[in-house]
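Sequential numbering from 104 applies to the sequence shown in my numbering. Let me begin by presenting the structure, written as C-alpha cells, before commenting on it.
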Amino acid sequence: MEKSAKQPASGSFEKRYFTSIQILRGVAALSVVLFHVSEMLLQYTDGHGIFCRFAALWYTGAAGVDLFFVISGFVMVQSTQGAFGRKGAGAVFMARRIIRIVPLYWMYTAIMLLLVLLPFTLKTHVFSASYTIKSLLFIPAINPTHGLDLPLLPQGWTLSYEMYFYLLFTLLLFFEKRFFLPVITAVFLPSALVGLFLEIRDPLWKVVTSPLLLEFVFGCYLGRAVNHRAITRRGSLLLIFLALFLLFQVRGVTIDDQTRLFLWGLPAMLLAAGCVFLEKQGMHHYPEALVMIGNSSYSIYLSHIFVVLCAGTLAKNKVLVDGLPNDLFAVAVIALCVLTGHLSFRLVERPVSRLLFTLLSRRDRRNGA
Numbered sequence: 104m105e106k107s108a109k110q111p112a113s114g115s116f117e118k119r120y121f122t123s124i125q126i127l128r129g130v131a132a133l134s135v136v137l138f139h140v141s142e143m144l145l146q147y148t149d150g151h152g153i154f155c156r157f158a159a160l161w162y163t164g165a166a167g168v169d170l171f172f173v174i175s176g177f178v179m180v181q182s183t184q185g186a187f188g189r190k191g192a193g194a195v196f197m198a199r200r201i202i203r204i205v206p207l208y209w210m211y212t213a214i215m216l217l218l219v220l221l222p223f224t225l226k227t228h229v230f231s232a233s234y235t236i237k238s239l240l241f242i243p244a245i246n247p248t249h250g251l252d253l254p255l256l257p258q259g260w261t262l263s264y265e266m267y268f269y270l271l272f273t274l275l276l277f278f279e280k281r282f283f284l285p286v287i288t289a290v291f292l293p294s295a296l297v298g299l300f301l302e303i304r305d306p307l308w309k310v311v312t313s314p315l316l317l318e319f320v321f322g323c324y325l326g327r328a329v330n331h332r333a334i335t336r337r338g339s340l341l342l343i344f345l346a347l348f349l350l351f352q353v354r355g356v357t358i359d360d361q362t363r364l365f366l367w368g369l370p371a372m373l374l375a376a377g378c379v380f381l382e383k384q385g386m387h388h389y390p391e392a393l394v395m396i397g398n399s400s401y402s403i404y405l406s407h408i409f410v411v412l413c414a415g416t417l418a419k420n421k422v423l424v425d426g427l428p429n430d431l432f433a434v435a436v437i438a439l440c441v442l443t444g445h446l447s448f449r450l451v452e453r454p455v456s457r458l459l460f461t462l463l464s465r466r467d468r469r470n471g472a
C-alpha cells in the first residue's frame, strides 16, 4: 500500500503517484469492512434494518480483495520503472515490500495469537505451533480450528498471494523490462487454467494455481498501458459505470474460485482503469477524507477484524448494544473500524515503515548502492 511518489533515496525507484489509486485502496478496504460487518449483524442480531436488508450488496464487498490485487499489479509496475535489469533492483524491491507488509501483519497476528492463547477469549480455537509459524511466514495451511485454509489472522490469506507475486516480480527484475509482461503472463495463465479446471486441495498449490493471480497480471498490463495510452474522459467514465454495473449485476450470487476472476476480477480491472485514465485526463481534486482512508487502507484491512469480533461478542451476549437499532450499530462499528485503522496507520504503520526505510537507505549508502 505504498504511495508511488518520486523518492530520491539511494536504491529507490522512479515512482508515479495516482491519487485515484490511493482512493481505490480505501474503497477496497471499506468494501471488505462492509462485508464482514454485514456477516456479523446477520449472525448475531435479528437482521432487521436497512443495512441488513442490503446484505446481498455488502456481500459484493468481498470483491475489495480483487481490487487490491489489481492495484498491487498496477503499483508494482509503476513503482519499478527503470529498475529492470539494474544491479540490486530485485533485492531493493523485495526489501521494501517486506518492510511495508510484514511488521504490521506480524503485530496483528501476534494479537490474534494472544486471543487464542488466553483462556477467556476465542475458547473454541485450537493452538498449533507449526500452523502459527506457517501463518507468520505466509505459507498457506489448514486452520486446525475449522479446517479452512486460512491463516491465524484470517484476512491475511490474501498476503500469501501478494508474497508469491512479489517473489516472481523480484526474480523478473533481474532481466530486461521487455521480458516482464510476456513471462509473468506465461507463468500465471497456465497455472490459472489448472486452477480453473482441476480441484486442488493442497493449500500451497491452491495459491500457486489460483485464477486470482491473473488479477495481478491485469494490474500489470494496466500499469504499462497508462504510460503509453490515453482514454477520453467520457471513455473513462464509461469504464467506471460498466465496472459498477457488472458488480451490482452479480450481487447475491455465490462466488467461488472458478467464477471470481470473471465476476469480480474483471470489473475490478475496469474500475481501476477508468479511475487512472480519468485522472490522467486532468481530474486531480479529491476529498481529503478519501485520501486519508486510502493511506490507512492496509491498517484498516488488517485491524478491522478485531473491531468486528468485539462487536459480534457484544451483540451475541446482548451486552451494551442490546436494544440499539441495527443500522446505528452498523454505522458505529464501521466508523470504529476506520478510526482504529487510521490510528494504527498514524501510530504504528507509518512510523515503523519510515524507520525501516531510513535504515535501508543508510545501509544502501554504506554499500555504495
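Idealized CB from N, CA, C, for every residue including glycine.
- According to the DSSP assignment, Asp430 belongs to the alpha helix (DSSP H) that extends over Asn429 to Ser447.
- The alpha carbon of Met143 has as its nearest neighbour, out of Leu218, Ala414, Arg332 and Val353, the alpha carbon of Ala414.
- Look at the beta carbons and you see the segment 142–156 not touching the segment 167–183: under three pairs across the two are nearer than 8 Å.
- A residue is called buried when at least 16 other Cβ atoms come within 10 angstroms of its Cβ; His331 does not meet this threshold and is exposed.
- Three or more Cβ pairs closer than 8 Å define a contact, and the segment 181–190 meets that threshold against the segment 272–291.
- One alpha carbon belongs to Leu239, the other to Asp359, and they sit about 26 Å apart.
- About 4 Å separates the CB atoms of Pro370 and Leu349; that is less than 8 Å, so the two are in contact.
- In this chain, Trp367 is not harboured by any alpha helix (DSSP H), its DSSP state being neither H nor E.
- Where Val297 is concerned, the enclosing alpha helix (DSSP H) starts and stops at Phe283 to Phe300.
- Here Phe230 has Val219 and Leu220 as same chain residues with Cβ atoms under 7 Å from its own Cβ, once five neighbours each way along the sequence are excluded.
- Pairing Val140 with Val290, the inter-Cα distance amounts to about 37 Å.
- Look at Met386 here: in three-state DSSP terms it is coil, with no helix or strand label.
- Sixteen is the threshold: when 16 or more other Cβ atoms of the shown chains lie within 10 Å of the Cβ of Lys237, as they do, the residue is buried.
- Secondary structure of His228 (DSSP, three-state): coil.
- Trp209 and Gly338 have their C-alpha atoms some 42 Å from each other.
- Put simply, the backbone Cα of Phe432 is about 33 Å away from that of Ser263.
- Around the CB of Arg465, fewer than 16 other CB atoms lie within 10 Å, so the residue is classed as exposed.
- Its Cα nearest to that of Lys280, the residue Gly193 stands out among Leu417, Leu427, Leu317 and Gly193.
- Here Val422 carries a coil assignment [DSSP, helix/strand/coil].
- Judged by DSSP secondary structure, Lys309 falls within the alpha helix (DSSP H) whose first and last residues are Pro306 to Val311.
- CA-to-CA, the gap between Phe121 and Phe272 works out to about 21 Å.
- The three-state secondary structure of Ala244, taken from DSSP, is coil.
- Counting the other CB atoms within 10 Å of its CB gives Pro222 a total below 16, which places it among the exposed residues.
- Sixteen is the threshold: when 16 or more other Cβ atoms of the shown chains lie within 10 Å of the Cβ of Pro306, as they do, the residue is buried.
- In this chain, the alpha helix (DSSP H) harbouring Asp467 covers Arg453 to Arg469.
- Taking C-beta separations shorter than 8 Å and ignoring five residues to either side along the sequence, the partners of Ile343 in its chain run Leu373, Leu374, Gly377, Cys378 and Leu381, following chain order.
- His407 and Val136 have their C-alpha atoms roughly 7 Å apart.
- Secondary structure at Gly338: helix, using DSSP grouped into helix, strand and coil.
- Here DSSP, grouped into helix, strand and coil, assigns Glu279 to coil.
- Comparing alpha-carbon positions, the option among Ser134, Gln361 and Pro390 lying closest to Leu301 turns out to be Gln361.
- Contact between the segment 396–403 and the segment 125–135 is present, with at least three C-beta pairs closer than 8 Å.
- Out of Leu133, Gly129, Cys155 and Leu405, the CA that lies nearest to the CA of Pro428 is found in Cys155.
- Contact annotation, Gly167 with Ala132: C-beta distance approximately 7 Å; criterion of less than 8 Å satisfied.
- Excluding its 5 nearest sequence neighbours in each direction, Met266 has C-beta neighbours in its own chain below 7 Å: Phe241, listed in chain order.
- Under the DSSP assignment, Ala166 falls outside any alpha helix (DSSP H); it carries neither an H nor an E label.
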